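Engineer:
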Amino acid sequence: MRKKIVAGNWKMNLNLQEGVALATELKEALAAEKPNCDVIICTPFIHLATVAGVVEGTVIGLGAENCADKEKGAYTGEVSAAQVKSTGAQYVILGHSERRSYYGETVEILKEKVDLALANGLKVIFCIGEVLEEREANKQNEVVAAQLESLYHLTEEQLANVILAYEPVWAIGTGKTATAEQAQEIHAFIRGIIAGNFSEKAAEEISILYGGSCKPSNAKEIFSKPDVDGGLIGGAALKCADFKGIIDAWN
Ligand code: PEP
Numbered sequence: 113m114r115k116k117i118v119a120g121n122w123k124m125n126l127n128l129q130e131g132v133a134l135a136t137e138l139k140e141a142l143a144a145e146k147p148n149c150d151v152i153i154c155t156p157f158i159h160l161a162t163v164a165g166v167v168e169g170t171v172i173g174l175g176a177e178n179c180a181d182k183e184k185g186a187y188t189g190e191v192s193a194a195q196v197k198s199t200g201a202q203y204v205i206l207g208h209s210e211r212r213s214y215y216g217e218t219v220e221i222l223k224e225k226v227d228l229a230l231a232n233g234l235k236v237i238f239c240i241g242e243v244l245e246e247r248e249a250n251k252q253n254e255v256v257a258a259q260l261e262s263l264y265h266l267t268e269e270q271l272a273n274v275i276l277a278y279e280p281v282w283a284i285g286t287g288k289t290a291t292a293e294q295a296q297e298i299h300a301f302i303r304g305i306i307a308g309n310f311s312e313k314a315a316e317e318i319s320i321l322y323g324g325s326c327k328p329s330n331a332k333e334i335f336s337k338p339d340v341d342g343g344l345i346g347g348a349a350l351k352c353a354d355f356k357g358i359i360d361a362w363n
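Residues 113 to 363 (the working numbering) make up the sequence shown, in order.
#1: The ligand PEP and Ile345: does any heavy atom of the ligand fall closer than 8 Å to the residue's C-beta?
#2: Which residue wins for smallest C-alpha separation from Leu201, given the options His159, Leu263, Thr286, Ala290?
#3: Sort out for me which residues DSSP pairs Gly342 with in a bridge.
#4: Short of 7 Å in beta carbon distance, which residues of its chain neighbour Asn273, apart from the five on each side in sequence? Order them along the chain.
#5: Quick one: using the 10 Å Cβ neighbour count with 16 as the cut-off for buried, is His208 buried or exposed?
#6: Determine the direct distance from the alpha carbon of Glu316 to that of Ile302, and round the result to whole angstroms.
#7: Hey, is Lys123 close to the ligand PEP, as in C-beta under 8 Å from one of its heavy atoms?
#8: Give, in chain order, every unbroken run of the beta strand (DSSP E) that is at least 3 residues long and sits entirely within the stretch 215 to 279.
#9: The ligand PEP and His159: does any heavy atom of the ligand fall closer than 8 Å to the residue's C-beta?
#10: Which residue's Cα is closest to the Cα of Val226: Asn121, Leu266, Ala307?
#11: Using 10 angstroms around the beta-carbon of Ser198, count the other beta-carbons present and answer buried if the total reaches 16, otherwise exposed.
#12: State buried or exposed for Leu222, treating a residue as buried only when at least 16 other CB atoms are found within 10 Å of its CB.
#13: Thinking just about the alpha-carbon of each residue, which of Ile152, Leu244, Ser325 is nearest to the one in Ile284?
#14: From Gly120 to Gly342, what distance separates their C-alpha atoms?
#15: Given a threshold of 16 other Cβ atoms within 10 Å of its Cβ, counted over all protein chains shown, does Ala186 qualify as buried or as exposed?
#16: Classify Asn148: buried if its beta carbon has 16 or more other beta carbons within 10 angstroms, exposed otherwise.
#17: Expressed to the nearest angstrom, what Euclidean distance is found between the alpha-carbon atoms of Ile172 and Ser329?
#18: Tell me the DSSP bridge mates of Ile153?
#19: Helix, strand or coil: how does DSSP classify Ile284 here?
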């Protein structure tokens, strides 16, 4: 059985004190009512070490939102996979559409990041997804297939530490959600690509999350689809009640 997962992406929101307060609130909410899925929060780098202390020994996993494509050295302002790991984090989001479009992250750069993250014992939440014009031109399948090229060199053992997140860019932060049917269709296509490039077993085992304006009111329907294994949540991860509402969609 593959894992059901709800992961939050805080992006560049919340100062340290606000982040600690949110993590503490979530910890208390989930201690009172055990979730029926894995729960992960991905925070800005500066929150990681402190939030690691808050969530230690709880059901909440912790991740970064990015890491460098270099191992170490004179790369001012960058944070390496090893540094992320040393905070106590277990995950890292890579290939988010905001990183691809605002910071020019290419398939090749992301391949380096994936390799470094996995080599340093981090699990990767790897994001893929098309922009509106690509969806309108019905090119979403070829776009995600090309983005997945950052993973094709991995061994199956390495791929077991990768979670995929399909996030149509036109649905991120826009309030426009893909329909459950649109999500199912492309998730099944993505799983087919994994089967073709790795194996049926790898495809069956990899979790594929949906992301893009997911909220408590639409999560249950989207998660009910057979190839949707949970969600990567942006805006709604910033309020404990909303994030918990999405987690509860698995109940
Ligand atoms: C995201 O950016 O990963 C995301 C899913 O954002 P939102 O939920 O705000 O659309």
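C-beta atoms are modelled at their ideal positions from N, C-alpha and C, and glycine is treated no differently.
All values reported here derive from a predicted model rather than from experimental measurement.
Structural biologist: In brief:
#1: Within the sequence shown, numbered from 1, the residue matching residue 345 stands at position 233. Yes, the ligand PEP has a heavy atom inside 8 Å of this Cβ.
#2: Numbered from its first residue, the sequence shown carries residue 201 at position 89. Before going on, a small fix: residue 201 reads as Ala here, not Leu. Of the listed residues, the one whose Cα sits closest to Ala201 is His159.
#3: Residue numbering aside, residue 342 sits at position 230 when the sequence shown is read from its first letter. According to DSSP, which records beta bridges pairwise, Gly342 is partnered with Ile117.
#4: For the purposes of this step, residue 273 is taken as the residue at position 161 of the sequence shown. Excluding sequence neighbours, Asn273 sits near Leu230, Lys235, Val236.
#5: The residue you call residue 208 lines up with position 96 of the sequence shown. The residue in question, His208, is buried, as its Cβ has 16 or more Cβ neighbours within 10 Å.
#6: Position 190 of the sequence shown, counted from the first residue, corresponds to residue 302. Position 204 of the sequence shown, counted from the first residue, corresponds to residue 316. Roughly 11 Å between the two C-alpha positions.
#7: As a working note, residue 123 is residue 11 in the sequence shown. Lys123: yes, Cβ under 8 Å from the ligand PEP.
#8: Counting only runs of 3 or more, we get 235 to 240, 274 to 278.
#9: Start at 1 with the first residue of the sequence shown, and residue 159 comes out as number 47. In terms of side-chain proximity, the C-beta atom of His159 is found no nearer than 8 Å to any non-hydrogen atom of the ligand PEP.
#10: Start at 1 with the first residue of the sequence shown, and residue 226 comes out as number 114. Proximity to Val226 across Asn121, Leu266, Ala307 peaks at Leu266, based on C-alpha coordinates.
#11: The residue you call residue 198 lines up with position 86 of the sequence shown. That one is exposed.
#12: Locating residue 222 in the sequence shown gives position 110, where the first residue counts as 1. Leu222 is buried by the Cβ-count criterion.
#13: For the purposes of this step, residue 284 is taken as residue 172 along the sequence shown, with counting starting at 1. Of the listed residues, the one whose Cα sits closest to Ile284 is Ser325.
#14: If you number the sequence shown from 1, residue 120 lands on position 8. If you number the sequence shown from 1, residue 342 lands on position 230. The straight-line gap from Cα to Cα measures roughly 11 Å.
#15: One-based indexing of the sequence shown puts residue 186 at position 74. When all chains shown are included, Ala186 counts as exposed.
#16: The sequence position of residue 148 within the sequence shown is 36, counting from 1. When all chains shown are included, Asn148 counts as exposed.
#17: Numbered from 1 along the sequence shown, position 60 holds the residue referred to as residue 172. Numbered from 1 along the sequence shown, position 217 holds the residue referred to as residue 329. Straight-line Cα distance between these residues: approximately 23 Å.
#18: Position 41 of the sequence shown, counted from the first residue, corresponds to residue 153. BP columns for Ile153 point to Gly120, Leu174.
#19: Start at 1 with the first residue of the sequence shown, and residue 284 comes out as number 172. Looking at Ile284 - three-state DSSP - the assignment turns out to be coil, as it is neither helix nor strand.
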